[in-house]
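Line by line, the protein sequences are chains A and B.
So my numbering is basically just the index in the first sequence, starting at one, shifted up by 191.
So my numbering is basically just the index in the second sequence, starting at one, shifted up by 366.
Don't be surprised by glycine CBs; every beta carbon is placed ideally from N, CA and C.
The block underneath contains the structure these notes are about, expressed in structure tokens.
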Amino acid sequence: MRQFVRRNSGELLLVGLIVLAAVWSSSLSPYFLDPVNLLSSATSFVIFALMAFGLYPVVVQGEIDISLPSTLAVGSVLLGKASVAGVPLALALPLVLAVCAGLGALNGYLVAAVGLPSLAVTLGTLGAYRGVAYIIAGDAGVVGITPEYTALGSTWIGIVPVSIVLVLAVAAGFALLMSATSFGRYSFAIGNNAAASRMGAVPVVRTRVVAYSLAGAMSGLAGLVWVAQYQSARGDNADGAILFVLTAVVLGGVSIKGGSGRVAGVLLSLILLATLQTGMQLANVPGTSQTLVIGCLLVVSLGVPRAIALFRGRRRTLAPVRTDPPHGPDDPTPAVLEKQRG
Amino acid sequence: MFPFARHRHRRARIATVLATAALAVVGCSSTPPQASAPPAGGGEAANSKIFMAPKFTGLAYFEVAKEGGEKAAQDLGIDFQYIGSDKPDATAQIATLTNAIPQRPAALVVSAIDGDAVAPALRQARQQGIKVVTYDADAAVDSRDLFVNQLSYELAASTMLDAALMNSPQGGKAAFISASPTAPNHTAHVRIMKQLIDTDPKYSSLSYVDTVQYAGDDAQKSQEIALNLMQANPDLKLIISSSAVSAPAAEQAIVNAGKSGQVFATGFALPSSVRDFIKNGNSAAFALWDPAELGYVATTAASQLAAGKITAAEGQEIDAGAAGKYTVGKDGEVQYNKPLMFTKDNIDSFSY
């Protein structure tokens, strides 16, 4: 039991915060606890969730990709154009996902093969891909999306919107990918020590390019959700969304320095953020206060585990600032960390 | 989620995922589930609640419009709430609107940040009997009942050009700073200003830089663009912007560059943001309308729709008391059309 708590302390903290947030939200607004409303509010977060899961392996590898919302816009306007042109979705979707994966692969190539810093590369492509989206969409954007393309936004299983099911399926997929495949093992290894991984015959370049391509493809999928939910596409779709996506990943306990983090954490942090925002919006809390609460939450969730560690006097574990131990199955360092934990 | 994976479990897991997916497909439907009835205690009171959602909160222009809405609500004896995120993006506004629906306001008064993307949320609101009025920036026509348009695009364009000629009576070369290529009102303003300069003899003394720059309602970026425009076009006389953020920022850039009196910024701006420029003689005129009265008219129209006094049919009249009477035009568009020109003589009489 103690071991379970220790291993899952980050996730348990998030679960606790979610319960607190839900209690607080239901006291703020009588409309909060209605499951239909709750699920319909949750669909607003699907786009962020898909990008967050896509970003997760990249961050585990110790890199960053802030160009994802721009890739989403390229995906959404391409799908919009394809829909208006009468291209069947079964043909357009794989093509668009491939294009978005290609945009991601270009990021990955520049980072991994050319060796440029990922923040700089994706800062550049953040602007460049946005420009591409504007050029494809034109000034007015695309409207008149056909029902085939919008089905994802208007189908329910019982009372659960299909887009929510999609998020859960994607979460399960990434959990499998990161825990049961060599890609996952390599990702944790690279994030912990890229140089050592290279010496250990880990295909660093290929693994990074795959992670970035996957992130691009997930953004393309988020583009489909955009088109389906909002029945339109414009060059400025999801502009500024990266802050929320990054918040979700970091709040989920994925170390920004790489090498650790779990899908469960990311999913829980998304649920927490969605709970808080929905509750505050249902209670018409002013926008500035909402931002303040989310900001404080981020600081608290990162600070509490560290404060607990300090309180327990385990100063040695503080050296590598990790709120969550690495969990790659064949991760090279857990043994070292366990030793540090005493 | 599966922190201690072993390869032998992989097949079982994949099978589970596939089985779940198959189950999910079986139960699909395309009719939205209905939320349970709102909690009791509503009745008459719940039906006189109006929510105003600006593009985003914290921008002075929208805060002034909010005051107008509040005043209308006071005069009409209804409940008024100002809702929204402080982030200028469509997803934030959509989330705000989605969460407004379960609260069952009688009407929503909305300035759409992306008129097409917010349309599904507004349509959903209308399906549930909530009246929707847009102000400042319209949404898709079928997603709202009324649009209270501050100034027709044509009137807005000619007003800004008039302000330009008041600054530089002998005309000269003008450059445009717009908000974003996806803001329909801003793009229309620039297009019509170009047309007027090309065709209307009144404005023939003006010429323009064809490329339009976009500052995204950001003061810092507007200043940068204004500075670059002056450097790239030594013969520039005027910088015109229909963004209430960009126009004063461009004037600030002119003052900072020591070009005051040679180059003039004009366009739409809140009087408080250009008071010093006009009093110091850096600029002769800026224009706008009264955002508070716009908010007042939009809120009044929403309340009359909700009370069933009007149905948004063409030709109907909206009586906004001291704020005037307005007729519903084609496609539910109501023209407010009261431009204001701020000059040395009247700038002190505006408090916002």
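DSSP state of residue i mapped onto helix, strand, coil
| i | result |
| --- | --- |
| residue 702 of chain B | coil |
| residue 413 of chain A | helix |
| residue 484 of chain B | coil |
| residue 377 of chain A | helix |
| residue 140 of chain A | No statement about residue 140 of chain A is possible, as the shown extent of chain A runs from 192 to 533 and does not include it. |
| residue 600 of chain B | coil |
| residue 539 of chain B | strand |
| residue 496 of chain B | coil |
| residue 558 of chain B | helix |
| residue 501 of chain B | strand |
| residue 326 of chain A | helix |
| residue 515 of chain B | strand |
| residue 224 of chain A | coil |
| residue 458 of chain A | helix |
| residue 352 of chain A | strand |
| residue 387 of chain A | helix |
| residue 546 of chain B | coil |
| residue 424 of chain A | strand |
| residue 570 of chain B | coil |
| residue 395 of chain B | strand |
| residue 509 of chain A | Bear in mind that the predicted position of residue 509 of chain A carries a pLDDT of just 48, short of 50, making it too unreliable to give a figure here. |
| residue 436 of chain A | helix |
| residue 418 of chain A | helix |
Straight-line Cα distance separating residue j from residue i
| i | j | result |
| --- | --- | --- |
| residue 587 of chain B | residue 377 of chain A | 42 Å |
| residue 717 of chain B | residue 525 of chain B | 21 Å |
| residue 283 of chain A | residue 307 of chain A | 32 Å |
| residue 311 of chain A | residue 411 of chain A | 22 Å |
| residue 692 of chain B | residue 659 of chain B | 13 Å |
| residue 499 of chain A | residue 423 of chain B | 37 Å |
| residue 467 of chain A | residue 208 of chain A | 10 Å |
| residue 440 of chain B | residue 461 of chain B | 28 Å |
| residue 471 of chain A | residue 216 of chain A | 7 Å |
| residue 347 of chain A | residue 397 of chain B | 7 Å |
| residue 318 of chain A | residue 455 of chain B | 17 Å |
| residue 453 of chain B | residue 567 of chain B | 43 Å |
| residue 227 of chain A | residue 210 of chain A | 19 Å |
| residue 528 of chain B | residue 627 of chain B | 18 Å |
| residue 459 of chain B | residue 533 of chain B | 38 Å |
| residue 409 of chain A | residue 511 of chain B | 37 Å |
| residue 433 of chain B | residue 463 of chain A | 34 Å |
| residue 515 of chain B | residue 435 of chain B | 15 Å |
| residue 350 of chain A | residue 242 of chain A | 24 Å |
| residue 615 of chain B | residue 503 of chain B | 22 Å |
| residue 476 of chain A | residue 281 of chain A | 42 Å |
| residue 542 of chain A | residue 402 of chain A | For residue 542 of chain A there is no data in the structure shown, the boundaries of chain A being 192 and 533. |
Whole-Å CB distance - residue i paired with residue j, under 8 Å assumed
| i | j | result |
| --- | --- | --- |
| residue 325 of chain B | residue 695 of chain B | Absent from the model: residue 325 of chain B. The displayed extent of chain B is 367 to 718, so no value can be given. |
| residue 324 of chain A | residue 264 of chain A | 4 Å |
| residue 455 of chain A | residue 202 of chain A | 5 Å |
| residue 450 of chain B | residue 420 of chain B | 6 Å |
| residue 499 of chain B | residue 664 of chain B | 5 Å |
| residue 488 of chain B | residue 463 of chain B | 7 Å |
| residue 416 of chain B | residue 475 of chain B | 6 Å |
| residue 440 of chain A | residue 416 of chain A | Not really, about 18 Å apart at Cβ, beyond 8 Å. |
| residue 457 of chain B | residue 432 of chain A | 6 Å |
Below-8 Å beta-carbon distance, residue i vs any chain E residue
| i | result |
| --- | --- |
| residue 424 of chain B | Although the question refers to chain E, the structure presented lacks it and instead comprises the protein chains A and B. |
| task | For the region 581-595 of chain B and the region 560-567 of chain B, state whether three or more C-beta atom pairs, one from each stretch, are separated by less than 8 Å. | result | Too few Cβ pairs lie closer than 8 Å, so no.
| query | How about the region 324-332 of chain A and the region 260-274 of chain A: do they share at least three Cβ pairs that are nearer than 8 Å? | reply | The region 324-332 of chain A is in contact with the region 260-274 of chain A.
| Every unbroken beta strand (DSSP E) within the region 655-718 of chain B, with a cutoff of 3 residues, ordered by chain | Runs found: 683-685, 691-693, 699-701 and 706-708.
| Three-pair Cβ contact test at 8 Å for the region 640-657 of chain B versus the region 666-673 of chain B | With the cut-off at 8 Å, the region 640-657 of chain B and the region 666-673 of chain B do not touch.
| task | Return the chain-ordered ranges of every alpha helix (DSSP H) run that is complete within the region 400-470 of chain B and spans a minimum of 4 residues. | result | Entirely contained in the region 400-470 of chain B, the alpha helix (DSSP H) runs reaching 4 residues are, in chain order, 409-412, 426-442 and 456-466.
| task | Determine, using beta-carbon pairs with one atom in the region 416-424 of chain A and one in the region 473-485 of chain B, whether at least three such pairs fall under 8 Å. | result | Flag = yes, the region 416-424 of chain A and the region 473-485 of chain B touch.
| Can we say the region 462-478 of chain B touches the region 695-706 of chain B, given the rule of at least three CB pairs closer than 8 Å? | Pairwise C-beta distances place the region 462-478 of chain B out of contact with the region 695-706 of chain B, as fewer than three of them are shorter than 8 Å.
| Inter-stretch contact (C-beta, 8 Å, three-pair minimum) for the region 475-492 of chain A and the region 235-254 of chain A | Too few Cβ pairs lie closer than 8 Å, so no.
| contact_flag[the region 436-454 of chain A, the region 252-259 of chain A] where n(CB pairs < 8 Å) is 3 or more | The answer is yes - the region 252-259 of chain A touches the region 436-454 of chain A, with three or more Cβ pairs under 8 Å.
| What runs of the beta strand (DSSP E), each 3 residues or longer, lie entirely inside the region 578-636 of chain B? | As far as the region 578-636 of chain B is concerned, its whole beta strand (DSSP E) runs of at least 3 residues are 602-607 and 630-633.
| message | For the structure I just gave you, are there three or more beta carbon pairs, one from the region 525-544 of chain B and one from the region 567-585 of chain B, closer than 8 Å? | response | Yes, since at least three Cβ pairs between the region 525-544 of chain B and the region 567-585 of chain B fall closer than 8 Å, the two stretches touch.
| said: Three Cβ pairs or more, each shorter than 8 Å: is that satisfied between the region 291-299 of chain A and the region 446-455 of chain A? | reply: Verdict: no, contact absent.
| said: Runs of 4 residues minimum, wholly inside the region 238-319 of chain A: which ones carry the alpha helix (DSSP H) assignment? | reply: For the region 238-319 of chain A, whole alpha helix (DSSP H) runs of length 4 or above, ordered along the chain, are 259-275 and 280-303.
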